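This report concerns only the one structure given below.
In the working numbering, the protein residues as written are 94 to 150.
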């Protein structure tokens, strides 16, 4: 793909694999927390509509 990590966005529902690891390597990542397992922190969304709204901002 020839893109830099800072040019990517990742979303997933596994906190460590889909949120922490991508962030460690410079990828903008969002944790999809449909069951409100975590406090509302930066990078946490509860549904894909909320994720889409973050991308638009």
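Don't be surprised by glycine CBs; every beta carbon is placed ideally from N, CA and C. Source: prediction; values computed, not measured.
How would you call residue i, buried or exposed, if buried means at least 16 neighbouring beta carbons within 10 angstroms?
| i | result |
| --- | --- |
| residue 106 | exposed |
| residue 125 | buried |
From this set, the options, which residue's C-alpha is nearest residue i's C-alpha?
| i | options | result |
| --- | --- | --- |
| residue 104 | 141, 97, 132 | 141 |
| residue 122 | 149, 144, 96, 150 | 144 |
| residue 139 | 127, 112, 133 | 127 |
Do you know how far the Cα of residue j is from the Cα of residue i?
| i | j | result |
| --- | --- | --- |
| residue 135 | residue 99 | 17 Å |
| residue 94 | residue 130 | 34 Å |
So if DSSP puts residue i in a beta bridge, which residue, or which two residues, is it bridged to?
| i | result |
| --- | --- |
| residue 123 | 104 |
| residue 137 | 124 |
Comparing the CB of residue i with every heavy atom of the ligand FAD, is any distance shorter than 7 Å?
| i | result |
| --- | --- |
| residue 131 | Looking at this structure, you won't find the ligand FAD or any other ligand, since it has none at all. |
Inspect the beta-carbon positions of residue i and residue j and report whether they are closer than 8 Å.
| i | j | result |
| --- | --- | --- |
| residue 148 | residue 102 | yes |
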